[in-house]
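Mapped onto this note's numbering, the consecutive letters of the sequence shown carry residue numbers 372 to 1319.
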Amino acid sequence: MSSRHITAGILAHVDAGKTTLSESLLYLSGKIQKQGRVDHKDAYLDTWQLEKDRGITIFSKQAELSFGGTDGLSVTLLDTPGHIDFSPETERVLQVLDCAILVISAADGVIGQVRNLWNLLAHYRIPTFLFVNKMDQPGADTADLLRDIRDNLSSQCVDFTGVQFDPVLQIPENQAENIAVCDDRVLEHYLETEEIREDDLRTMIRDRKLFPVFFGSALRNEGVSTLMRAMDALTLMKHYPDEFGARIFKISRDDSGNRLTWMKITGGSLSVRSVISVRNEDSTGGGGENTDQKVNQIRIYSGKSFVQVPRVDAGSVCAVTGPDKTRIGMGLGFEHDSDASVLQPVWKSRILLAPDQDRTEALRNLRVLEEEEPLLHIDQDDASGEISARIMGKVQMEILKELCAQRFNMRIDFAQPSIMYKETIADSVEGVGHYEPLRHYAEVHLLMEPGEPGSGLVLESDCSTDDLALNWQRLILSHLEEQPFPGVLTGSEITDIKITVIGGRASEKHTSGGDFRQAAHRAVRQGLMMAKNVLLEPVLRLHAELPSGSMGRFMTDIQRMEGSADLRENDGSTAVITGSVPAASLGDYQQDFMSYTHGHGRLSLTLRGYEPCRHPEEVILEKGYDPEADTDHPSSSVFCSHGAGIRVPWNQVRDYMHIDTGWRPDMKWLTAEDQELSADGLKAENTEKTGEKKIFSAGWQKKHRTREKSWTEEQRTRENEENELQQIFEKTYSGSSWNTPIHSAANSYSNEAGIWSRDGSLERAERDKTEQNKSESCGTAAAKSAGEQTSSGKNQRSGITGVTPKKEDYLLVDGYNIIFSWEELRSLAASGMDAARDRLIDIMSNFHGTRSGTLILVFDAYKVPGGRGAVCRYHNIYVVYTKEAETADAYIEKTVHKIGKQGNVTVATSDGLEQVIIFGEGARRMSARELLLEVEASRKELRSTYHL
């Protein structure tokens, strides 16, 4: 391949002469010896019989040619469909282009489909050359056409007639000024030197600041050579990385039925027998595992023929055989998958099969067509078995019928198309989903908020990794991207919703990837059932050019269809009208339009977007969708009870959830005056208000409360609630002690097993046990030392009848776990563990200066040969180094077990398993993040007290 190589696409509306221009380029470059014609059915790139019969391009094609001889520019030319029904094929080709040629018919000028193509080129930022074809026809005026182009497309479209490229660049003065004003930097240089550099032209074209316009006749080969020389001189080459990357833009089959994957290599190279990693689209349990697939052949096509090559380098377009899991829009290597198509069908139709047609075989054949045109979205209703497809228009339906007959010998027809509605929400809700059949576990909490119109589904995560590991959060997002979700009004696809993961829980033993898929999907559906739902319908943008005498009827028709129309121009003979109209009202109006304008009118319709439906009640009643009967998309959750899974309906599921994220619909909002540090030191985000409607931003869990309680305050709240319950209990069951467990050994004194004592025997046994426990060792030297300081006072108080001794507060800190959980200490540990350990000891000592009780900081020393362990007093805290073969976890578990009944024990660690164990011993849990927040609060307290 030449070092100067580009991939260029050629685009046009129907009958603009696009295929004729392709033939001219191939002929003038020496690729073909005879120039074919569409009307003669011998065009080089019309390789399908369907295309020859209809005289239109249906599928994109590839041709290899060279501008300027063997040393000139090597070009991969991709021919694209011009009919609006096949525009998605054109859009997919745009994603692999280096530049494009937009063909405009001099007879038609800038019509609706030209505007659509121009918008697509702008969306994908494709450098563009314009060629105005059919200038040999009577009435074609260069000045009028250029004015039309500049008015309707861009003022940066400049006529390049008369510009010379060989041997040096020469630009006429009037055109030089028009070029210079397209870029401020170029204009400044031009005013100083009165010249425009060739490099500046290349840069402006690449950055879409300049669009060269050429005029000619492709049929007569006029103006085409000038276009070729301009592309040779003014196209900048792309630089590709060494790492392999590729983008797939097409799937097809050859005459032998071999599956072809068309791709552009965007980095490195690809060789025969190479193995490429393909994401498995059907994977649900693992969130998208990769499958390795081998490349058997690499083909470079030119028209219908091809050559096999052992290797292709970056910049090449090729078709490969072998991989069967690839799909359109997929990225290979470092490339990401493509975003959703800009063009989307708005009609859906049932596919009618012949009575003797096997439905399973028909579905399999239609899936093959869906691979090649993903927007078909072939779907089968499980209940009725009916198959449906999304369609762009009637021409596409006709082509699909002919394709099925030719390729599969299968006769199909289409029912009357219906509008594709969508659904969204009008308020913010928290959707919750739980999936816990036996030996499975996952819980997901999603914040669902109304999104911007046209934004689709926006997925984010705002959940602490202390609550849910990052890999589970990513898996939830992956499952939410897998497929469209049906709404609850009509079962139509939901859109324009922002979904944020705000909470979740997994089990180390029982959770698998598929569990989170179930929980996430149920959370979405439960949220939709809770929300205020809005039905949306497609609205089309219209652009009409028609005789002035037909203007009145057209305006009346649009108003009758509940659309809007504005008169833009009327020169007495032709009127130009723009506006919008609901797609559901349009029907076959285009045929009526052509009839009453006697073929002199042009009506262009493009999707403007989805807007609230005008008559939602009628549509909902007609659809008759029951969301609770949709077993494929349940809104209920599954919980485990007595070893079996039970289903909990969506409106009761909140009472069964295992976690509470704290989100509430009536949560107080922060005002502009509140945009400062709150008491817990967290920065509040701005909130957006639209009228009376308030929208949560992505930091709600920490920032949209008036003030988040600290860990200490949360513990104090729990203690107050427990004391209140204790008073109620002891008042109700006089003579019984709240502190004695139901299944305590002390209950052996009661009259009936498992029942609280009413005769005082239980209290006496419990007091005896308490006195015995007080005389026992605390289990560790640190706990014993701490206990000796307060034992005297405790013994005195415990002797008072009816008064419960106050328990000592203990805080055990897992030292190394905290070091590797805090960013400051983790960075310090990278340079030296001793420095990080000393820093943590100082931090804990300062922190404990504002707290009561005993703080024990535990460090692992189990790998120290012969280590006997040590307990050191450092100012106001105890520092423990474990003995050989004893981990900090083991030491903490042993200590909690021994002092748990005598004191209020809290363990600070982010070790999930350790938290579960110490919780079972009755200790409280504090995560590393919660401890950090407590430390920050104590620092503020010290600064405030001592004015630091």
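Glycine residues also receive a C-beta, built at the ideal position from the N, C-alpha and C atoms.
Close beta carbons around residue i, own chain, < 7 Å, minus the five adjacent residues each side
i, result
"S1192", "S1281, A1299"
"R624", "R630, L631"
"A589", "G388, T391, L392, S395, N504, V595"
"A1294", "V1267, G1271, V1276, T1277, V1278"
"I482", "H384, R973, S975"
"F964", "G972, L974"
"V467", "T378, R618, F620, K635, V688"
"L1303", "W1193"
"G950", "L913, I929, G934, S935, A936, D937"
"K1178", "Q1273, G1274, N1275"
"L397", "I403, Y415, A434, L436"
Own chain, CB closer than 6 Å to residue i, minus 5 neighbours either side, in chain order
i, result
"K412", "K423"
"G533", "P543"
"K402", "L436"
For residue i, the nearest candidate out of the options (CA to CA)
i, options, result
"S849", "K880, R888, S863", "R888"
"Y1027", "G1014, S1007, R1035", "S1007"
"P788", "G958, Q728, D833, G628", "G958"
"P543", "S526, C553, E565", "E565"
"N487", "R1295, V1024, L714, M926", "L714"
"G1240", "R1222, A1259, S1223", "A1259"
"D479", "H971, V952, N736, P583", "H971"
"I472", "F585, H1013, K719, V829", "F585"
"E999", "S878, P857, V952", "P857"
"D942", "E989, G920, G1274, A813", "G920"
"E548", "R568, D537, F536", "R568"
"I429", "V643, S458, R721", "S458"
"Y1245", "E1257, A1261, L1211, L703", "L1211"
"I513", "I475, F500, L491, F536", "Reading off the sequence, residue 513 comes out as Thr, not Ile. Selected option, being the one with the closest Cα: I475."
"V810", "K793, G884, L839", "The sequence given here places Arg at residue 810; Val does not occur at that position. Taking only the C-alpha atoms, the option nearest R810 is G884."
Residue i burial status per 10 Å Cβ neighbour count (16 or more: buried)
i, result
"E678", "The sequence shown places Val at residue 678, not Glu. It is exposed - the Cβ of V678 has fewer than 16 other Cβ atoms within 10 Å."
"A379", "buried"
"V464", "buried"
"E823", "exposed"
"F1010", "buried"
"D555", "exposed"
"R845", "exposed"
"T1061", "Caution applies to T1061, whose pLDDT of 37 falls short of 50 and renders its modelled position unreliable; the model cannot decide the point."
"G510", "exposed"
"V1364", "Only positions 372 to 1319 of the chain appear in this structure, which leaves residue 1364 out of reach."
"D1205", "exposed"
"C984", "buried"
"Q962", "exposed"
"P452", "buried"
"D571", "buried"
"V1184", "buried"
"P909", "buried"
"E1305", "buried"
Beta-carbon spacing of residue i, residue j below 7 Å
i, j, result
"H454", "V766", "yes"
"L906", "L860", "yes"
"I622", "E742", "yes"
"S1366", "S445", "The chain is shown only over 372 to 1319; residue 1366 falls outside these bounds and no answer can be derived."
"M932", "D456", "no"
"D603", "G443", "yes"
"V341", "I847", "There is no way to answer for residue 341, as the model of the chain reaches only from 372 to 1319."
"V947", "L913", "no"
"M781", "N736", "yes"
"E831", "T871", "yes"
"S360", "T1221", "Outside the modelled stretch of the chain, which goes from 372 to 1319, sits residue 360, for which no answer is possible."
"T795", "I868", "yes"
"D450", "L416", "yes"
Cutoff 7 Å: residue i Cβ touching any chain B Cβ
i, result
"K402", "Absent from the structure: chain B. Only one protein chain is present."
Residue i Cβ short of 6 Å to the ligand NAP heavy atom set
i, result
"T632", "Annotation note on the ligand NAP: not contained in the displayed structure, which lists no ligands."
**OP:** Jot down the residue ranges of each uninterrupted beta strand (DSSP E) in the segment 790 to 821, minimum 3 residues, whole runs only, in chain order.
**Re:** 793 to 796, 800 to 806, 813 to 821
**OP:** For the segment 884 to 922, list the alpha helix (DSSP H) runs that are entirely contained and at least 4 residues long, ordered along the chain.
**Re:** 884 to 901
Subject >> beta strand (DSSP E) runs wholly inside the segment 644 to 695, at least 3 long, in chain order >> reply: For the beta strand (DSSP E) assignment, the uninterrupted runs of no fewer than 3 residues enclosed by the segment 644 to 695 are, from N- to C-terminal side, 646 to 650, 661 to 665, 668 to 673, 676 to 679, 682 to 684, 688 to 692.
**OP:** For the segment 948 to 1008, list the alpha helix (DSSP H) runs that are entirely contained and at least 4 residues long, ordered along the chain.
**Re:** Runs of the alpha helix (DSSP H) spanning 4 or more residues and lying entirely within the segment 948 to 1008 occur at 954 to 957, 960 to 967, 987 to 994, in chain order.
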